[in-house]
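Below is one structure; the comments refer to it alone.
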Amino acid sequence: MVEVVQKLSEKILAAIQTGNLQTVDSLSSSDAVFVHMGVCLDKKR
């Protein structure tokens, strides 16, 4: 389970660093606000 969370964290961090949040689109519903480690990805914007 720790490995799964670590891989997801790495994927989210890479998406934030590159500014390509489409790579993590599948992690939340179309109008969700996804919060991970203090970072908010608001898909409504």
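Reading the sequence shown from the start, the letters are residues -2 to 42 in the numbering used here. From the three backbone atoms N, C-alpha and C, an ideal C-beta is built for every residue, glycine too.
Same chain, Cβ closer than 7 angstroms to residue i, neighbours up to 5 away in sequence not counted
| i | result |
| --- | --- |
| residue 12 | 18, 20 and 21 |
| residue -1 | none |
Sequence-distant residues of its chain with Cβ nearer than 8 angstroms to residue i (five each side left out)
| i | result |
| --- | --- |
| residue 15 | none |
Extent of the continuous alpha helix (DSSP H) to which residue i belongs
| i | result |
| --- | --- |
| residue 2 | -1 to 15 |
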